[in-house]
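Position 221 of the sequence shown, counting from 1, maps to 210 under the numbering used here, and the rest follow consecutively.
Built from N, CA and C at the ideal position, the CB exists for glycine as well.
All values derive from a computational prediction rather than experimental measurement.
Here the structure is laid out as structure tokens; the discussion comes afterwards.
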Amino acid sequence: MPAVLKSTAPFEGQKPGTSGLRKKTRVFMQPGYLENFVQSVFDAIDGAEGKRFVVGGDGRYFNAEAIQTILKMAAANGATEVIVGQGGLLSTPAASHLIRLNGTDGGLILSASHNPGGIDEDFGIKYNISNGGPAPEGVTAKILARTTEIDSYKISDAADMDLTAVGTQVLDQMQVVIVDPVTDYQALMETLFDFNKIRALFAGGFRMRFDAMHAVTGPYATAILEGTLGAPKGTVVNGVPSVDFGKGHPDPNPVWAKTLMDEMFGENAPDFGAASDGDGDRNMIVGAGVYVTPSDSLAVLAANAHLAPGYAKGLAGVARSMPTSAASDRVAEKLGIGSFETPTGWKFFGNLLDAGKVTLCGEESAGTGSDHVREKDGLWAVLLWLNVLAERGLSVQDIRTDHWQTYGRDYYSRHDYEALPVDIANTIMYDLRSQLDTLAGRSVGALTVSGADEFSYLDPVDGSESHQQGIRIFFEGGARAVFRLSGTGTEGATLRVYLQSYVDGSGDLHVETQAALADVIAAASDISGLERTGRDGPDVMT
Ligand code: VG1
Ligand code: CO
């Protein structure tokens, strides 16, 4: 029997955060560290015996090694089949799709998403359940509990597998099915969108730039945009995945995708620009001279989705994470469909999607998706935008302006204070929490607080509760500030401050965002004592 039992002690802190377990790569490379987590996943789901899984990752440093370990552990734990992306690559939405398409018991996705990659950067692993979505809190709690008590793991001593060619191989008793990472995903996209219309758009001279940020969407975007939709070669840039993402942050926002922003705001800008993150689940949408905030993008897509064949019947409802702006709620209200507000993290959308209560979901952090998979999906959002642009024949700017005139504008920005000392970040949150009951009625600069609370969520499908999901301060006139600590960082603590205010369609729709939010920014800083960060300002503003 080639399977061996290796003893191990539990590692501290294998606590899945907003989106799985994320740590420095060297932490994952410690003997037994990855193995502990993987065995804990198998144990938490009552074993892997007789089960089938999907495995793949975003190609970052340690992806290939981690996949070999997982395959050997799955075999030793009695799994019958693992479907792997060729070369170990799968975008997060493609992995979600493969789980659903093949009806597997779940999947393991290797990525630290938008965090940089490399031996001195970040790595991550996430378990997705059989609906294709991230494990809900009930499952991650079991995994965490198991990581603290585990004393051994099972692994095959078989040789490493060659994952370079598509086809089926055998590892001990287990089948390893290596699939092209793009094929099934592309087929799904073709069922949702009018590829002929989009092809005609490109044939008519429409110009686009897609920045794959040296990450996993490169092969997907190249095959679909250039290979199938006829966009000219060079439309996709940074399209070859590299283990360290070209030493960049594969985070599609105006700060980390600055080259794309410069092009889109420069002379002779393309009509449409987009970028995706490390694992391909995020998207940034830019028009010539216009940046569309993710919150606005969700709202615009909700209002226009019926123009794409996959959504022609209309939407069941729209869900957004709590810190996301209320723009999509306004669309849902007008359409007379349900709207839902969930905690941050895609796992909270899963039940709503499974129950058919919502069709579109989105987060302010550049995540948009639908019921086609159970993850957010960067390229899907880009294709839906393309389909809408092709149908409406308007520029991104005109579509956005039209949207604001109809629904009003939710000015929105997120300010991140990264890698803060943990005690300072905790003190700021603790002090905010202890003021919640006394804030109402207080005047802060030009604003007056109308109420404050800490967001809790009661899942309307399974009745589960999630608490301490962000502190909210509401101001008279409709402005809001939200404070929460990131659950995806790997260094110190990251404090996120989410700021928004609203003007209706007859108000001034074209003020610069930070200027429009100046009062709420000042009030948020004052109430929370942000000077304690010791920073002059946020590290990243999106
Ligand atoms: C961040 C985002 C959140 C997103 C999560 C995972 O979490 O704010 O909206 O769901 O990343 O996205 P946090 O806890 O750092 O705020 V991904 O693309 O990193 O899987
Ligand atoms: Co991601």
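In the DSSP assignment, Arg271 falls outside any beta strand (DSSP E) and carries neither an H nor an E. Nearest C-alpha to Ser85 among Phe195, Glu364 and Lys222: Glu364. Val168 and Glu179 have their alpha carbons spaced roughly 19 Å apart.
Taking a cut-off of 8 Å for Cβ pairs, the segment 99 to 106 and the segment 258 to 275 touch, as three or more such pairs fall below it.
Under the three-state reduction of DSSP, Glu520 is assigned to helix.
Boundaries of the alpha helix (DSSP H) harbouring Gly367: Gly367 to Arg381, taken from the DSSP string.
In the structure shown, Leu79 falls within a coil segment according to DSSP collapsed to helix, strand and coil. Around Val433, the same chain offers Ala512, Asp515 and Ile516 as residues with beta carbons nearer than 7 Å, after the five sequence neighbours per side are excluded.
Boundaries of the beta strand (DSSP E) harbouring Ile98: Gly95 to Leu99, taken from the DSSP string. With distances taken between CA atoms, Gly255 lies nearest to Gly276 out of Lys236, Val244 and Gly276. Within its own chain, the residues whose Cβ lies closer than 6 Å to the Cβ of Thr479, once the five positions on either side in sequence are excluded, are Arg11, Lys12, Lys13 and Asp111, listed in chain order. Following the DSSP letters along the chain, one finds Tyr142 inside the beta strand (DSSP E) bounded by residues Ser141 to Ser145. Around the CB of Arg135, 16 or more other CB atoms lie within 10 Å, so the residue is classed as buried. By the C-beta density criterion, Lys236 is exposed, having fewer than 16 other C-beta atoms within 10 angstroms. A Cβ-Cβ distance of about 6 Å is found for the pair Thr395 and Gly494, placing them in contact under the 8 Å criterion.
Take Asp343, set aside five residues on each side of it, and the residues of its chain with a beta-carbon closer than 7 Å to its own are Asn120, in chain order.
Following the DSSP letters along the chain, one finds Ser284 inside the alpha helix (DSSP H) bounded by residues Pro283 to Asn293. Only buried fits Arg473, as 16 or more other CB atoms lie within 10 angstroms of its CB. Annotation: the segment -8 to 80 contains the following complete segments of the alpha helix (DSSP H) (minimum length 4 residues), in chain order: 14 to 17, 22 to 33 and 52 to 65. Per DSSP, the beta-bridge partners of Val225 are Phe199. Spatial neighbours of Thr437 in its own chain (CB-CB distance under 8 Å, excluding positions within 5 residues in sequence) are listed in chain order as Gly430, Arg431, Phe464 and Glu465. Note on geometry: alpha-carbon atoms of Gly262 and Asp200 lie some 8 Å from one another. Gly95 counts as buried, since at least 16 other C-beta atoms from the protein chains shown sit within 10 angstroms of its C-beta. Under the DSSP assignment, Asn117 falls outside any alpha helix (DSSP H), being part of the beta strand (DSSP E) whose first and last residues are Asp111 to Asn117. For the set Ser231, Tyr280, Pro239 and Asp270, the Cα lying nearest the Cα of Glu252 is the one of Tyr280.
By the C-beta density criterion, Gln162 is exposed, having fewer than 16 other C-beta atoms within 10 angstroms. Proximity of the beta carbon of Ser102 to the ligand CO is indicated: a heavy atom of the ligand is located closer than 7 Å. Of the candidates Gly440, Pro239, Pro230 and Arg188, Arg188 places its Cα closest to the Cα of Leu214. For Gly267, the shortest C-beta to heavy atom distance toward the ligand CO is below 7 Å. If you look at Leu484, you'll find it in the beta strand (DSSP E) that goes Ala482 to Val492. For Tyr419, the number of other beta carbons within 10 angstroms of its own is below 16, and it is reported as exposed. Ranked by Cα distance from Ser(-4), the first of Val232, Val289 and Tyr142 is Tyr142. With respect to the C-alpha of Ser445, the residue from Ile460, Leu133 and Asp451 having the closest C-alpha is Ile460. Distance between Ile462 and Glu353, taken at the CA atoms: about 18 Å. Thr211 carries a helical assignment under DSSP once its states are collapsed to helix, strand and coil.
The Cβ atoms of Val307 and Leu349 lie closer than 8 Å to each other.
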